[in-house]
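Numbering of the sequence shown is given in the numbering used here, commencing with residue 10 and proceeding in unit increments.
Beta carbons: idealized from backbone N, C-alpha and C, even for Gly.
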Amino acid sequence: MTDAWDRFNWLWEILFAVAYLATTLLVVLDEDDPVRTAVAVGALTALALTYLLWGRRVVREDGHLRERWALALIVLALVAVAMFTNTTASFILFMVCPLVFSTLEFRPAAVLTTVAILLSPLSSIVNEGLQGPALHILLPMTAILVVFGVLSGKFILHVVEESRGRAELIAQLEESQAEVARLSREAGTAAERERLAREIHDTLAQGFTSIVTLAQAIESELDTDPAAARRHAELAARTARDNLTEARAMVAALAPADLAAGSLVDAVRRQADRLADETGVPVQYEVDSPLPSLGMAGEVVLLRGAQEALNNVRRHAAASAVSVRLSAVDGSVRLSVRDDGAGFDPDRATGFGLRGMRSRAEQVGGRLSVRSGPGGTELTLEVPA
C-alpha cells in the first residue's frame, strides 16, 4: 500500500489499538476458564505485536509476495487460536479482515476473509456445542458477515487502487512538467542563439565586410589617390566605431544603436548614405509621411531588413543605382529596396541573411518578398503597425 494507506495510517492504527483493547477487555471480563482466557489474551497480544513490529512495514512498503502471504496466514492462525479458546475474541475480525485485504490481492484476500469469518460460528459450536446460539440465527448472520466483509474489502482495494492511480498520474504529470520546462529552456536557448546570430550577421558582420572593402580600396589608392584613400580611411574608422556601438548595445540587450540615436526614418537614411559613401553608387531615399507608429520590435525588423538588403547590394549586385523607400500600406509599414544589378535566384539563396530576415518578419506578423532577375532585385518587407 502506498499513498492511501499512508494518509489514513494514523486513523487505522488508532482503530486497531481500540479494537485490540476492547476485544481483550471483553475476553478478560468473560466468565471462562482462566487458562483459556490467558491463551486467548496471549493470542490477541501476539496478533497486535505481529502487526506492530512486522505487519506495518509489510503493508506500507508492499513487501514481497511470500512475506505478505506469511503475514496473512500468521494473522489468521492467531485469530483462530484466540477464537477457539474464547468465542468473544471474534470481535477482532472487524480489524483483521481489512488488514488481510490490505496485504493480499482481492481473490486470495476474499478467500482468507471468508475462512476467518467462518471460524466464528465454528468456534462457537466447538466451545458451546449445538446448545449455543441457534444455528438458524448463527448461519444467516455469518453469511451476511461474509458478504459484508468481501464487499468492504473490495471497496478498500478500489479506494487504494484509485489512490495509487492518482499518485502515478501526479508523478507522470510532474515528470511531464519537468520535461516541458527542460524543453522550454532548450527552446529558449536555441531561440536566443538564433537571435544573436541574426544580430551579429545584420550588424557586426556587415560592418566588418564594409571595413574589409574599404581597406582594400585604401590599399589600391594610397599611391594613386591619397585624398580618396584618406576619405575611405575615415569611413572605415566611422564604420568601426558604429560596430563598437552596436556591440555594446547588443551586450546590454538594448535597442539597435541607430534606433536609440533617432527615428526609424533617420536610421534607414544613415544606412543608405553609408552605402553611397562607401561604394559611390547613388542611392535614392524616399519616405511617405506620416508613417504608422511601430513598436520597437517592428522598427528593428525594418532596420535590419534595410541593412541586409543594402549589404547584399554592396557585396553582390554590382549595381549602378539603388532606391530605398519607406511607405504606409494598409496599416503596415513597407520597406522597398530596389537595385539594377546582376540579380540572383531567390529560391537558390543559401546564405543566412534572407532566412534570418524572413524569420524576423514572421515573429512580428510581417512578411518578406523578393523578386530578382538579370535586370536587378527588389526586396519588399512589410511589418504591421
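Quick check: what's the CA-CA separation for residue i versus residue j?
| i | j | result |
| --- | --- | --- |
| Arg380 | Leu388 | 6 Å |
| Thr46 | Glu76 | 30 Å |
| Arg364 | Ala176 | 47 Å |
| Leu344 | Gln181 | 50 Å |
| Val290 | Ala237 | 15 Å |
| Val168 | Gly162 | 10 Å |
| Ile227 | Thr218 | 14 Å |
| Gly385 | Asp348 | 5 Å |
| Ala261 | Asp339 | Note that Ala261 scores 47 on pLDDT, short of 50, meaning its location in the model is unreliable and no value can be drawn from it. |
| Pro393 | Arg279 | 23 Å |
| Glu295 | Leu223 | 27 Å |
| Met150 | Ala187 | 55 Å |
| Asn252 | Leu303 | 25 Å |
| His375 | Leu273 | Residue identity differs from the one stated: residue 375 is Gly in this sequence, not His. Rounded to whole angstroms, Gly375 to Leu273 spans 17 Å at the Cα level. |
Taking buried to mean at least 16 other C-beta atoms within 10 Å of its own C-beta, is residue i buried or exposed?
| i | result |
| --- | --- |
| Ile179 | exposed |
| Ala8 | This structure leaves residue 8 out entirely; the chain is present only between 10 and 394. |
| Thr233 | exposed |
| Ala125 | buried |
| His241 | buried |
| Pro130 | buried |
| Glu287 | buried |
| Ala370 | buried |
| Leu263 | Low local confidence applies: a pLDDT of 47 at Leu263 is under 50, so the model's placement there is unreliable, with the coordinate-based value given in what follows. Counting Cβ neighbours within 10 Å, Leu263 comes out exposed, since fewer than 16 surround it. |
| Ser133 | buried |
Return the first residue and the last residue of the alpha helix (DSSP H) that residue i is part of.
| i | result |
| --- | --- |
| Arg323 | Per DSSP, Arg323 belongs to no alpha helix (DSSP H) and is neither H nor E. |
| Thr54 | 43-59 |
| Leu85 | 74-94 |
| Arg66 | 65-70 |
| Pro107 | 102-112 |
Check each candidate in the options and name the one with the smallest Cα separation from residue i.
| i | options | result |
| --- | --- | --- |
| Leu127 | Thr33, Leu160, Leu148 | Leu148 |
| Gln293 | Glu308, Val277, Gly304 | Val277 |
| Leu80 | Met92, Phe164, Val105 | Val105 |
| Gly362 | Ile83, Arg324, Asp275 | Arg324 |
| Phe164 | Thr151, Ala187, Ser132, Ala118 | Ala118 |
| Ala327 | Arg334, Leu319, Val333 | Leu319 |
| Val346 | Ala152, Asp356, Ala330 | Ala330 |
| Phe115 | Thr32, Gly382, Leu160, Ala351 | Leu160 |
| Leu377 | Ala315, Ser332, Gly352, Pro383 | Ala315 |
| Thr33 | Thr59, Ala91, Glu22 | Ala91 |
| Gly216 | Ala196, Ala55, Phe93, Ala246 | Ala246 |
| Phe110 | Leu87, Val67, Ala89, Thr96 | Val67 |
Helix or strand or just coil, what does DSSP make of residue i?
| i | result |
| --- | --- |
| Gly314 | helix |
| Gly374 | coil |
| Ala330 | coil |
| Thr233 | coil |
| Gly340 | coil |
| Gly384 | coil |
| Asp348 | strand |
| Gly391 | For the record, residue 391 in the displayed sequence is Glu; it is not Gly. In this structure, Glu391 counts as strand in the three-state DSSP scheme. |
| Leu300 | coil |
For the beta strand (DSSP E) that residue i lies in, which residues bound it at each end?
| i | result |
| --- | --- |
| Val290 | Premise fails: Val290 is in no beta strand (DSSP E) and is neither H nor E. |
Measuring from the CB of residue i, is there a heavy atom of the ligand ADP at a distance below 7 Å?
| i | result |
| --- | --- |
| Gly350 | The model depicted lacks the ligand ADP and carries no ligand whatsoever. |
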